[in-house]
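K.L.:
The sequence shown maps to residues 774 to 854 in our numbering. Attaching a single structure in structure tokens format; questions to follow.
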Amino acid sequence: MNRHCSCEEIYRMLSEYIDDEIDSLMKEMMEEHIRECERCLSLLHTIEKTLSFSREIHRRKNVPQRVVERVYYEIRIRYRR
């Protein structure tokens with residue numbers, strides 16, 4: 774494979790990767806990068822654990838609205854472009 778993904782590309786596409794919404798070539802490039810980059814692998818595992826934890830909590834009971842709003846606010850502040 775001639776082209777490699779950068780960490781920045783991984784960050785931008787990680788959600789699509791997790792949701793399996795990328796083409797096979799991009800998926801292969803991302804997986805190659807993630808195998809070699811501990812930081813990106815750690816980020817992937819953190820997001821997957823967060824999603825799993827969130828799903829488990831949601832099954833048990835509803836998350837309070839103020840918690841949902843706070844998380845949404847924090848994400849917007851940190852990842853504002």
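All C-beta atoms, glycine included, are put in the ideal place defined by N, C-alpha and C.
#1: Assuming residue 803 and residue 790 form a contact by the criterion Cβ under 8 Å, report the distance between their Cβ atoms to the nearest whole angstrom.
#2: Quick check: what's the CA-CA separation for residue 780 versus residue 800?
#3: Alpha carbon to alpha carbon, what distance is there between residue 798 and residue 820?
#4: Relative to the C-alpha of residue 818, which residue among 841, 787, 793, 839 is closest?
#5: Quick check on DSSP: helix, strand or coil for residue 806?
P.N.:
Short version:
#1: 5 Å
#2: 14 Å
#3: 22 Å
#4: 787
#5: helix
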